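Asker: Take the position in the sequence shown, starting the count at 1, then add 1452; the result is the number in the working numbering. All C-beta atoms, glycine included, are put in the ideal place defined by N, C-alpha and C. Small disclaimer: the values here were computed from a predicted structure and weren't measured. Below you will find the structure I want to go over with you.
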Amino acid sequence: MLNAFPPLSPPGVDRATVVPRAPEGPAATMDLLLSVLESAEVGVVVADASARAMYMNASARSMLDSPLGVMPPWLTVALPGLRAQVERHGHALERLVHGELTVRVRARSLARPGTLLIELAIAQGSGSRQIAEQLARGLGLQITDARLLALLWRGLSNDEIAQTLGVRTGTIKSRLFRLYQKLGVKKRPAAVLRAQEVLAS
């Protein structure tokens, strides 16, 4: 026989004052997961069987220069090869090049037939714009300082950096001095090492 009495309140607490907890169901869990995915540094794309992007997080939209979350043609063309690898090995790993952008791509299948989970990361040989954006995020730098650090990381001399940016070599020396201060380092090798740590993570 079921107990006809209402459940007891915790000791010393009036039953009328007990406030029920908000339900923590699947919807709340899904919101949390989507929030984590959206803010992840790694680019995440979910592609359906027709090569359309079902989901693209903020990092992927920035990396692919696609504010509306549309799959760029150069990545769409690479999907059949990625699918073939996934079917053979259960996962795919590729290095794709588009202009100055070089991306490390990992892919695996999801439960829904034909659906791929694609992870994107900027490769070390990538263009200066993408590298600068990654350095700006990772080190909390202004994009102008991050561009300077990206050129430094590429091994360019002060004269070469000045020529690339269209300024005088003396200006570059002053900007490098301020950049070193922001990074908390004193010399070029230490600044390059900081950049390497961010780009390798």
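Where does residue 1640 sit, in a helix, a strand or coil, going by DSSP?
Answerer: The residue you call residue 1640 lines up with position 188 of the sequence shown. Residue state, collapsed to three classes: helix.
Asker: Please state the DSSP three-state secondary structure of residue 1603.
Answerer: One-based indexing of the sequence shown puts residue 1603 at position 151. DSSP places residue 1603 in helix when its eight states are reduced to three.
Asker: Buried or exposed: residue 1467, going by 16 or more other Cβ atoms within 10 Å of its Cβ?
Answerer: Taking the sequence shown and counting its residues from 1, one reaches residue 1467 at position 15. Note on residue 1467: pLDDT 46, under 50, position unreliable in the model; the coordinate value appears next. It is exposed - the Cβ of residue 1467 has fewer than 16 other Cβ atoms within 10 Å.
Asker: For the alpha helix (DSSP H) holding residue 1548, just list the boundary residues, first then last.
Answerer: Residue 1548 sits at position 96 when you count from the first residue of the sequence shown. No alpha helix (DSSP H) holds residue 1548; the beta strand (DSSP E) holding it covers 1544 to 1550.
Asker: Taking DSSP as the reference, what is the three-state secondary structure of residue 1495?
Answerer: Reading the sequence shown from its first residue, position 43 is the one you call residue 1495. It is a strand residue.
Asker: Can you list, in chain order, the residues of its chain whose CB lies under 6 Å from that of residue 1598, leaving out five sequence neighbours each side?
Answerer: Mapped onto the sequence shown, residue 1598 falls at position 146. Excluding positions up to five away in sequence, the list reads 1584, 1587, 1588.
Asker: Quick one, which of 1613, 1482, 1614, 1591 has its alpha-carbon nearest residue 1645's?
Answerer: Position 193 of the sequence shown holds residue 1645. Nearest of 1613, 1482, 1614, 1591 to residue 1645, Cα basis: 1591.
Asker: Return the bridge partner residues of residue 1556 from the DSSP annotation.
Answerer: By one-based count along the sequence shown, residue 1556 stands at place 104. 1547, 1573, per the DSSP bridge assignment.
Asker: Opposite residue 1508 in the DSSP bridges: which residues?
Answerer: As a working note, residue 1508 is residue 56 in the sequence shown. Its beta-bridge partners are 1497.
Asker: Give the straight-line distance between the Cα atoms of residue 1512 and residue 1496, rounded to the nearest whole angstrom.
Answerer: Counting from one through the sequence shown, the residue named residue 1512 turns up at place 60. Counting from one through the sequence shown, the residue named residue 1496 turns up at place 44. Going by the C-alpha atoms only, they are around 6 Å apart.
Asker: To which residues of the same chain is residue 1632 closer than 7 Å at the C-beta, ignoring the five residues directly before and after it?
Answerer: To locate residue 1632, count along the sequence shown from 1; it is residue 180. Closer than 7 Å at Cβ, skipping near neighbours: 1638, 1643.
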